[in-house]
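A quick write-up on the structure given underneath.
Numbering (my numbering), first residue to last: 2 to 180.
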């Protein structure tokens, strides 16, 4: 956020088929606005209403490239969600697309700070592959953790005692009968 002089940054996920959206992580956005984005305003984000305008993964667009300022200013999204936070200029980077679901990085700043520059878009473009790799690694880690929980539960309900030890003999797991 700081490098692009943005007032707010967020990783958001949008289902372009249903129009629903949510903010996964953010800085510079109060929690009540994060919640209201997912509950209501995400589906009215004027920059995401025309999916054909969005670039592919790794692509970056300014808000002005995705929607006319007049459309934005006249929308309830702007008057009720963005304007109260003093967020006018936006920069969007597409992290990933999976079917109709788009994961994107959004940066926003006040009208007084002016539109995002080409340098800001270049910086975001450089960040996107690393962010995509980190998010994918997080998905793999969560799956592995879930499988570990499933395996532990399966061992725990066996009708015999089971103890799993490390190569040096440290107990890593003991099911309920072995405890």
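Idealized CB from N, CA, C, for every residue including glycine. Note that the coordinates shown come from a computational prediction; the quantities given were computed from them, not determined experimentally.
### Message
Can you check which of these residues, 156, 62, 7, is closest to residue 113 by C-alpha distance?
### Response
7
### Task
Taking residue 1 as part of the alpha helix (DSSP H), name the residues at either end of that continuous run.
For residue 1 there is no data in the structure shown, the boundaries of the chain being 2 and 180.
### Collapsed DSSP secondary structure at residue 9 in the structure displayed
In the structure shown, residue 9 sits in a strand (DSSP, three-state: E or B).
### Task
Mark residue 101 as exposed unless 16 or more other C-beta atoms lie within 10 angstroms of its C-beta, in which case mark it buried.
Burial check for residue 101: the Cβ neighbour count within 10 Å stays below 16, so the residue is exposed.
### Query
What do you reckon, are the CB atoms on residue 121 and residue 5 nearer than 8 Å?
yes
### Task
If I'm right that residue 106 touches residue 132 with Cβ under 8 Å, what's the distance once you round it to whole angstroms?
Residue 106 to residue 132, Cβ: 6 Å. Contact.
### Query
In whole angstroms, what separates the C-alpha of residue 168 from that of residue 30?
Approximately 48 Å between the Cα atoms of the pair.
### Message
What does DSSP give as the partner residue(s) for residue 108 in the beta ladder?
### Response
10, 92
#### Entry: Cβ-based burial, residue 94 [other Cβ within 10 Å; buried from 16]
buried
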